[in-house]
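Residues in the sequence shown are numbered consecutively from -19, following the working numbering.
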Amino acid sequence: MSGAFVVLSSGTAAANNAELVVDYRCTSGAEGIARNGSVDLRTTVSIPTTLSVGQPLSIGWTIGYKPGTSRFGSPDYFAAQGKVSVIGNLQLSGGWVGVLQPTGSLTQAGPLQPGTVLELPPSISDSAHTDRAAKVKITPQRLYVDFTPPEGEVMVNDDDSRVKYFPFPGNWYDLNDQPPNANDHHHDLHRTNTPGASASFDFTGTGIEYVARRDKDAGRVFFKIDGQVATPSYIDASKEPNGDPTNSSTEGGQTLWSFRGLDYGKHTIEIFDDGTDDKWTQLDAFRVITEELPSPPPQYRATCVLISAPVSVDVTISDAPTATPTNTTTASPTGTSSPTGTSSPTGTSSPTGSGSPSPSGSNKSSSSPSASSSAAGTTPKPTITVTAVVTPTRATPTTPQVTVIPQGGADTGVGPEQERPGLALVGAGSAMALGSVLGGVALKRRRSAHTGGRG
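What follows is the structure, encoded as structure tokens:
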């Protein structure tokens, strides 16, 4: 048989998808879901053939039974909510090396019995992130089909064919059509008072419970699990849980003994009449316990190998295209920057005499430019820098308002006076001192003359 290779156009930038029809044959061990013979599957793998870096490499894989062939079956009795899981394997070679493992699962709606057909998940999937350009070859390989039992419990009645009584007949009595008020499971039970008589039951789970009547005429019942004495090793069915003797003979459907914590798998429970008290050993039912399992039990797995011709798909992963703008974005101010007041120079020394007026206000610009773009689509707005030239609203004086301007003062158009030479300053000082002496002599003569005149 050969696999069909079909290329379908996706009609998008991702270009094409390749669809491979691949047939498989699945087998399992004696306890597995293909215990009655091989099971054939027909699958279709969908793989994109061209991608850009950053796009996911997404794999879709439909799963189904091949028409006219056998099906997977439940390996045992189970409550509803059992789960079938499928794991695929795709080998990556070339630019990438590794394995993709598409997975999928389907919960079974109802309770299961051995051989009940298991429904498959319709599809499985997986994806990989593409972080670099490469050419990759993808090749479908094996499939694995698993079954996970549900968490829960299953009642097994005393007359179930899986319960074996020894010796039988003659030593175990099968009591049917028991009164409803006895509360026996399915209104029946088995019992014996023959020393050494036993009953055994093979079950699959993580625990088991013994269900029988609490009865004043019953005696001690002994237990073994997988051939070993259990813990506790016996129960006295004629006593209440607190150890007091019971007065009833119709308390049926009672869980008298329990054993949990077994590894999931097949186990055997045995019950015995110890033969020391000539009282009844009774069996109403067993309750099989399955706790939540962290993973599917390996004994149920089916392994599927290709029976069609091997096929592969080449996938081209290209660098992502670089966006090139087709238009130029031009930003132009929509108005003219003008100050709302006059500018006050900072860091200047102001004279204390009659000086020039100090302008008040600020030189803030009220210009609010906006950018316009003729490019189609969304284009990032450019960052615009506007230089505002501040023009004072009052005319600047052309002549100085003070005769002496300290250095570093406002620019009034007139520079500071030139410094006098040191010799000139000395001469001026001597003249001032001589003037003071002469003035003092003249003043003294006037006073003397005035005094003489008065005398």
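Glycine included, every Cβ here is placed at the ideal spot set by N, Cα and C.
Open item on the list: Rounded to whole angstroms, what is the Cα-Cα separation between Ile297 and Thr96?
Closed with: Whole-angstrom Cα-Cα distance: 45 Å.
TODO: Under 8 Å Cβ to Cβ from Asp3, same chain only, skipping five residues before and after it: list those, please.
DONE: Closer than 8 Å at the Cβ level, and outside the excluded window around Asp3, lie Met(-19), Gly(-17), Asp20, Leu21, Arg22, Thr23, Lys46, Leu286, Ile287, Ser288.
TODO: Could you please give the first and the last residue of the uninterrupted beta strand (DSSP E) stretch that includes Ser141?
DONE: No beta strand (DSSP E) holds Ser141; DSSP gives it neither H nor E.
Open item on the list: Based on DSSP bridge pairs, tell me the residues matched to Asn163.
Closed with: Its beta-bridge partners do not exist; DSSP assigns none.
TODO: Compute the Euclidean distance between the alpha carbons of Gly176 and Ala60, then round it to the nearest angstrom.
DONE: If you draw a straight line from the Cα of Gly176 to the Cα of Ala60, it comes to about 38 Å.
Open item on the list: For Gly233 and Gly199, what's the separation of their Cα atoms in angstroms?
Closed with: Near 16 Å, if we compare the C-alpha coordinates of Gly199 and Gly233.
TODO: Could you tell me if Ser54 is buried or exposed, where buried requires 16 or more neighbouring beta carbons within 10 angstroms of its beta carbon?
DONE: Per the 10 Å Cβ criterion, buried.
- [ ] Please go through the same chain and pick out, in chain order, the residues whose beta-carbon is closer than 7 Å to the beta-carbon of Thr49, but skip the five residues on each side of it.
- [x] Closer than 7 Å at the Cβ level, and outside the excluded window around Thr49, lie Val19, Asp20.
TODO: Determine, using beta carbons only, whether Ala192 and Leu263 come nearer to each other than 7 Å.
DONE: For Ala192 and Leu263, yes; Cβs fall inside 7 Å.
- [ ] Would you check if the distance between the CB atom of Leu80 and the CB atom of Val116 is smaller than 7 Å?
- [x] At a Cβ-Cβ threshold of 7 Å, Leu80 and Val116 do not count as neighbours.
- [ ] Please report the residue range of the beta strand (DSSP E) in which Lys63 lies.
- [x] It spans 63 to 74 - the beta strand (DSSP E) in which Lys63 sits, taken as one unbroken run.
TODO: Output the distance between the C-alpha atoms of Glu(-1) and Tyr244, rounded to the nearest integer angstrom.
DONE: Our two residues, Glu(-1) and Tyr244, have alpha carbons roughly 40 Å apart in a direct line.
- [ ] Count the other CB atoms, across all protein chains shown, that sit within 10 Å of the CB of Ser178; report buried if there are 16 or more and exposed otherwise.
- [x] Around the beta-carbon of Ser178, 16 or more other beta-carbon atoms lie within 10 Å, marking it buried.
Task: Neighbour-count burial assignment, Ala89, 16 or more Cβ in a 10 Å radius - done: In the assembly as shown, Ala89 is an exposed residue. Its beta-carbon has fewer than 16 other beta-carbons within 10 Å.
Task: beta strand (DSSP E) segment containing Trp152, residue limits - done: Segment: none, Trp152 is in no beta strand (DSSP E) and carries neither H nor E.
TODO: Starting from the Cα of Thr172, find the closest Cα among Ser65, Gly75, Asp253, Thr87 and give me that residue.
DONE: When each option's Cα is compared against that of Thr172, the closest is Asp253.
Task: Reference Arg142; option with closest CA among Val33, Arg112, Phe183 - done: When each option's Cα is compared against that of Arg142, the closest is Phe183.
Task: Pro28: first and last residue of the uninterrupted beta strand (DSSP E) it sits in - done: Element bounds for Pro28: 19 to 28.
TODO: Can you say whether Asn(-3) is buried or exposed, counting buried as having 16 or more other CB atoms within 10 angstroms of its CB?
DONE: Buried.
Task: Distance between beta carbons of His109 and Pro36, contact taken as under 8 Å - done: Confirmed, about 6 Å.
Open item on the list: If I follow the unbroken beta strand (DSSP E) through Asn(-4), where does it start and stop?
Closed with: Where Asn(-4) is concerned, the enclosing beta strand (DSSP E) stretches over -5 to 8.
Task: Residue from Gln158, Pro94, Ile249, Gly84 with nearest C-alpha to Tyr124 - done: It is Gly84 whose Cα lies nearest to the Cα of Tyr124.
TODO: Starting from Val191, trace the beta strand (DSSP E) both ways and give me its first and last residue.
DONE: Per DSSP, Val191 belongs to the beta strand (DSSP E) from 178 to 194.
TODO: Output the distance between the C-alpha atoms of Thr441 and Ile249, rounded to the nearest integer angstrom.
DONE: Only positions -19 to 435 of the chain appear in this structure, which leaves residue 441 out of reach.
Task: Cβ neighbours of Val136 in the same chain (closer than 8 Å, five flanking residues each side left out) - done: Same-chain partners within the cutoff: Tyr57, Arg142, Val143, Phe181, Phe183, Ala265, Phe266, Arg267, Val268.
TODO: Evaluate Lys246 with the Cβ neighbour count: other Cβ atoms within 10 Å of its Cβ, from every protein chain shown; 16 or more gives buried, anything less gives exposed.
DONE: By the C-beta density criterion, Lys246 is exposed, having fewer than 16 other C-beta atoms within 10 angstroms.
Open item on the list: Taking 7 Å as the limit between beta carbons, can you name the residues of its chain near His165, skipping five residues before and five after?
Closed with: Closer than 7 Å at the Cβ level, and outside the excluded window around His165, lie Met135, Asn137, Val191, Gly233, Asp264, Ala265.
Open item on the list: Below 8 Å on the Cβ atoms is my contact criterion, and I expect Asp111 with Ile39 to pass it. Report the Cβ-Cβ distance as a whole number of Å.
Closed with: In this structure Asp111 is not in contact with Ile39, their Cβ atoms being roughly 17 Å apart against a cut-off of 8 Å.
TODO: Count the other C-beta atoms from every protein chain shown that fall within 10 angstroms of the C-beta of Glu220, then say buried if there are 16 or more, exposed otherwise.
DONE: Residue burial annotation: Glu220 is exposed, with fewer than 16 other C-beta atoms found within 10 angstroms of its C-beta.
Task: Residues sharing a beta bridge with Phe202, DSSP - done: Bridge partners of Phe202: Tyr214, Phe252.
Open item on the list: In the DSSP assignment, the beta strand (DSSP E) including Asp126 goes from what residue to what residue?
Closed with: Unbroken beta strand (DSSP E) run through Asp126: 114 to 128.
Task: Reduced DSSP category for Pro94 - H, G, I as helix; E, B as strand; rest coil - done: Coil at Pro94, not helix or strand.
- [ ] Give the secondary structure of Pro225 by DSSP, where H, G and I count as helix, E and B as strand, and everything else as coil.
- [x] DSSP places Pro225 in strand when its eight states are reduced to three.
Open item on the list: Would Val64 and Leu98 be called neighbours here (beta carbons separated by less than 7 Å)?
Closed with: Yes, the Cβ-Cβ distance between Val64 and Leu98 is below 7 Å.
Open item on the list: For Gly74, tell me which candidate among Ala300, Asn227, Ser292, Gly68 has the shortest Cα-Cα distance.
Closed with: Nearest C-alpha to Gly74: Ser292.
Open item on the list: Can you list, in chain order, the residues of its chain with a C-beta nearer than 8 Å to that of Ser213? Leave out the 5 residues immediately preceding and following it.
Closed with: Cβ within range, chain order: Phe202, Phe203.
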